[in-house]
Amino acid sequence: MKEVGDAKLVSLNDLSLYAGPRQILERISFEVRANEIITIIGPNGAGKSSLVKLIAGLTEPSSGHIQRKSGLIYGYVPQNLRVDQSIPIKVSRFLSLANVSKASLTKALTQVGANHLWSNQIHTLSGGELQRVLIARAIARQPQLLILDEPLQGVDVTGQTELYRLISDIRTELGCSIVMVSHDLHLVMAQTDHVICLNQHICCAGKPENVSQHPEYLKLFGQQSVQDIAVYTHHHDHHHDLKGDVTACSEDCQHD
Amino acid sequence: MIELLIYPLLIGVFLTLITGPLGTFMIWKRMAFFGDTVAHGALLGVAFGVLLSINLTVAIVISAILSAIALAALRFNRTLPTDTLLGLISHGSLALGLMALGLLANQRINLVSLLLGDILTVSGEDLLLIVALTLVGLLVLATYWRPLLMCTIDEDLAKVEGHNTRKLNVILTVLMAVTIAIAVKIVGVLLITALMIIPAATSRLVSKSPEAMALIAALLGATASCVGLIGSGFMAVPAGPAIVSTSLLIFLLVLSFQQKPHSQH
Numbered sequence: 058m059k060e061v062g063d064a065k066l067v068s069l070n071d072l073s074l075y076a077g078p079r080q081i082l083e084r085i086s087f088e089v090r091a092n093e094i095i096t097i098i099g100p101n102g103a104g105k106s107s108l109v110k111l112i113a114g115l116t117e118p119s120s121g122h123i124q125r126k127s128g129l130i131y132g133y134v135p136q137n138l139r140v141d142q143s144i145p146i147k148v149s150r151f152l153s154l155a156n157v158s159k160a161s162l163t164k165a166l167t168q169v170g171a172n173h174l175w176s177n178q179i180h181t182l183s184g185g186e187l188q189r190v191l192i193a194r195a196i197a198r199q200p201q202l203l204i205l206d207e208p209l210q211g212v213d214v215t216g217q218t219e220l221y222r223l224i225s226d227i228r229t230e231l232g233c234s235i236v237m238v239s240h241d242l243h244l245v246m247a248q249t250d251h252v253i254c255l256n257q258h259i260c261c262a263g264k265p266e267n268v269s270q271h272p273e274y275l276k277l278f279g280q281q282s283v284q285d286i287a288v289y290t291h292h293h294d295h296h297h298d299l300k301g302d303v304t305a306c307s308e309d310c311q312h313d
Numbered sequence: 039m040i041e042l043l044i045y046p047l048l049i050g051v052f053l054t055l056i057t058g059p060l061g062t063f064m065i066w067k068r069m070a071f072f073g074d075t076v077a078h079g080a081l082l083g084v085a086f087g088v089l090l091s092i093n094l095t096v097a098i099v100i101s102a103i104l105s106a107i108a109l110a111a112l113r114f115n116r117t118l119p120t121d122t123l124l125g126l127i128s129h130g131s132l133a134l135g136l137m138a139l140g141l142l143a144n145q146r147i148n149l150v151s152l153l154l155g156d157i158l159t160v161s162g163e164d165l166l167l168i169v170a171l172t173l174v175g176l177l178v179l180a181t182y183w184r185p186l187l188m189c190t191i192d193e194d195l196a197k198v199e200g201h202n203t204r205k206l207n208v209i210l211t212v213l214m215a216v217t218i219a220i221a222v223k224i225v226g227v228l229l230i231t232a233l234m235i236i237p238a239a240t241s242r243l244v245s246k247s248p249e250a251m252a253l254i255a256a257l258l259g260a261t262a263s264c265v266g267l268i269g270s271g272f273m274a275v276p277a278g279p280a281i282v283s284t285s286l287l288i289f290l291l292v293l294s295f296q297q298k299p300h301s302q303h
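Chains as they are written, first to last, in our numbering: chain A, 58 to 313; chain B, 39 to 303.
Right, dumping it as structure tokens:
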């Protein structure tokens, strides 16, 4: 595997993935740079999970290639991990299987605000608590690249905002890059540097505020999400009519 | 009577020391049907062993490993659900095996003892084989315990953290196949899965950690095997079914104690 320059952690070149005759991913190319948060959005079945699994090295592409910085340490938070009910296991034992020192585990658990869960049985945790424990496990490994597959599954709305804040704090504290999958752009916008809109191929990519106005994005997610985003970013480059539909600003529109 | 039971008792104890922990993995990975399939495949193994006049234990071990490989290969076929495929192979090989053994009508084979086990006629050689299997099996489990556990909890997470999940799955599958193959002689084709999963299931009710579950499963298995054997002597019933019934009885007892606090509410 060829080494990638310092700033790039992973670079994907022309990746395609097939499951039998069915194409899952089509000619994907992009780079993950140091200290960058990338969000992958797309409708169900767009291949988001398959793409992050490729980045994490869990599957191999059918064609194309991935270059990784040598010795790259990953942290991975899988989508919807459910420890089988038949396995009795405490959070502490689960974390200890990660092969890192107890000190860094405790630190990571404190960092995600889940220290009190240390001696709980893992099956008694709520969705949000389990996500925190999984994130703690991933960051205890001191990753250079943290991969989060739908980190908000089973987390209520207030918990979601908190978790996103946590994720962006992690970037600041660990100085790592983050690749995450989400299907709601408006929640992640504030914490994201780069958005990739995926529907088997990359429909559009760029800064969140640009992607949210991109015709390909609008085609996938419809007008409704534009309003959600407008509320969050307060970029008043348009007006709303009485129904809430977006109307263009007049030429002499003065406010931003 | 106890003198006659020394070998069987020792065999029962040593065997359950390894079937207990393997039974916990069988439950965790939902492999109960896998156990049945491999055990039923052993009947075909016996038939081939007789036909080719090779050592029957060797023939059973080979057939067990072959059915394990067949199962792993079939898992990639998504057209039919896994339990359907397992049922197909499992009962298919049971039927074929019974037919083949009927056709062979060989004096070396006692069908009832194949189906229900024959722990009372074991030899010193059998005892040595079981002791060796148990020691090697426990050594393998102890060596790979952490990665195996991680791989059982979540394969993707294990892989990202640098474990070779393919290798771990092969180790566990082969260990199970060989154990089942050897245990078939003791408790028979029909009851081997029960011998493995019932103590582990009982253990789940009372354990708070994976290690405790494996250890308690081994101890419960050993207890059931001693009590069952001695009981079968007194009651003049087949030993294999007596051991499994004892195991079941322990499960029910623990379950009823477990549920008391809930029913008081």
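Glycine is no exception: its CB is placed at the ideal position from the N, C-alpha and C atoms.
For B/ILE56, name the three-state secondary structure that DSSP assigns.
helix
Beta carbon of A/GLY121, beta carbon of A/SER73: below 8 Å?
yes
Ends of the beta strand (DSSP E) at A/ALA171?
For A/ALA171, no beta strand (DSSP E) encloses it, and the DSSP letter there is neither H nor E.
Starting from A/LYS65, follow the alpha helix (DSSP H) in both directions and report where the run begins and ends.
For A/LYS65, no alpha helix (DSSP H) encloses it; the enclosing beta strand (DSSP E) starts and ends at 65–76.
Could you name the residues of the same chain whose beta carbon sits closer than 8 Å to that of B/HIS129, not counting the 5 residues immediately before and after it, in chain order?
HIS78
Select from the stretch 218–231 of chain A all residues with a C-beta closer than 9 Å to any C-beta belonging to chain B, and list them in chain order.
none
Check the Cβ of A/ALA113 against every Cβ in chain B and list those closer than 9 Å, keeping chain order.
ASP194, LYS197 and VAL198
Report back the beta-carbon spacing between B/THR2 and B/ILE127 to the nearest angstrom; my notes put them in contact at under 8 Å.
Within the shown structure, residues of chain B are numbered from 39 to 303, placing residue 2 of chain B beyond reach of any answer.
Within the continuous beta strand (DSSP E) that includes A/GLN188, where are the two ends?
Element bounds for A/GLN188: not the beta strand (DSSP E) but the alpha helix (DSSP H), 184–197.
Based on the DSSP secondary-structure assignment, which residues constitute the bridge partners of A/ILE97?
A/VAL238 and A/ILE253
Counting only C-beta atoms, is B/LYS246 closer than 8 Å to chain A at any point?
yes
Under the rule that 16 or more other beta-carbon atoms within 10 Å means buried, what is B/ASN93, buried or exposed?
B/ASN93 is exposed by the Cβ-count criterion.
How about the stretch 118–132 of chain A and the stretch 164–180 of chain B: do they share at least three Cβ pairs that are nearer than 8 Å?
no
Does at least one heavy atom of the ligand GTP sit under 7 Å from the Cβ of A/VAL109?
Of ligands this structure carries none, so the ligand GTP is not represented either.
Does any C-beta atom of chain A lie closer than 8 Å to the C-beta of B/LEU186?
no
List the residues that DSSP assigns as beta-bridge partners of A/ALA262.
For A/ALA262, the pairing in a beta bridge is given by DSSP as A/ILE253.
Counting along the chain, where does the alpha helix (DSSP H) carrying B/ARG242 start and finish?
230–244
Within 8 Å, do at least three Cβ pairs link the stretch 101–113 of chain B to the stretch 241–256 of chain B?
no
Go to A/SER149, then tell me how far its alpha helix (DSSP H) extends in each direction, as first and last residue.
148–153
Give the interface partners of A/LEU166 over in chain B, defined as CB-CB distance under 7 Å, in chain order.
Going along chain B, no residue has its Cβ under 7 Å from A/LEU166, so there is no contact; the nearest lies around 17 Å.
Hey, quick one: how far does the alpha helix (DSSP H) through B/GLY269 stretch, first residue to last?
248–273
Please confirm whether B/VAL84 and B/ILE44 have their CB atoms less than 8 Å apart.
no
Report the residues of the stretch 245–267 of chain B with a CB closer than 7 Å to any CB of chain D, ordered along the chain.
Of the chains in the structure shown, none is chain D; the protein chains are A and B.
Taking A/GLY102 as part of the beta strand (DSSP E), name the residues at either end of that continuous run.
Counting along the chain, A/GLY102 falls outside any beta strand (DSSP E), and DSSP gives it neither H nor E.
How do the stretch 160–177 of chain B and the stretch 289–299 of chain B stand: do at least 3 beta-carbon pairs fall below 8 Å, yes or no?
Taking 8 Å as the limit for Cβ pairs, the verdict is that the stretch 289–299 of chain B does not touch the stretch 160–177 of chain B.
Does the beta carbon of A/LEU138 come closer than 8 Å to any beta carbon on chain B?
The beta carbon of A/LEU138 sits closer than 8 Å to some beta carbon of chain B.
Going by alpha carbons, who is nearest to B/ILE268 out of B/VAL208, B/TRP183 and B/ALA280?
B/ALA280
Does the structure place the stretch 56–73 of chain B close enough to the stretch 211–226 of chain B that three or more beta carbon pairs sit under 8 Å?
Short answer: they touch.
What are the residues in the stretch 184–195 of chain A lying within 9 Å of chain B by C-beta distance?
LEU191, ARG194 and ALA195
Could you give the DSSP three-state label for A/ARG228: helix, strand or coil?
helix
Is there a Cβ of chain A sitting closer than 8 Å to that of B/ARG242, yes or no?
yes
In the DSSP assignment, what residue or residues form a beta bridge with A/TYR133?
Assignment of beta-bridge partners to A/TYR133 by DSSP yields A/ILE204.
Can you list, in chain order, the residues of its chain whose CB lies under 6 Å from that of A/ALA64, leaving out five sequence neighbours each side?
ARG90 and ALA91
For my contact list, A/LEU220 and A/LEU209 are in at a C-beta cut-off of 8 Å; report their separation, rounded to the angstrom.
6 Å
May I ask you to report which of helix, strand or coil DSSP gives B/HIS201?
In this structure, B/HIS201 counts as coil in the three-state DSSP scheme.
With H, G and I counted as helix, E and B as strand and the rest as coil, what does DSSP make of A/GLN270?
coil
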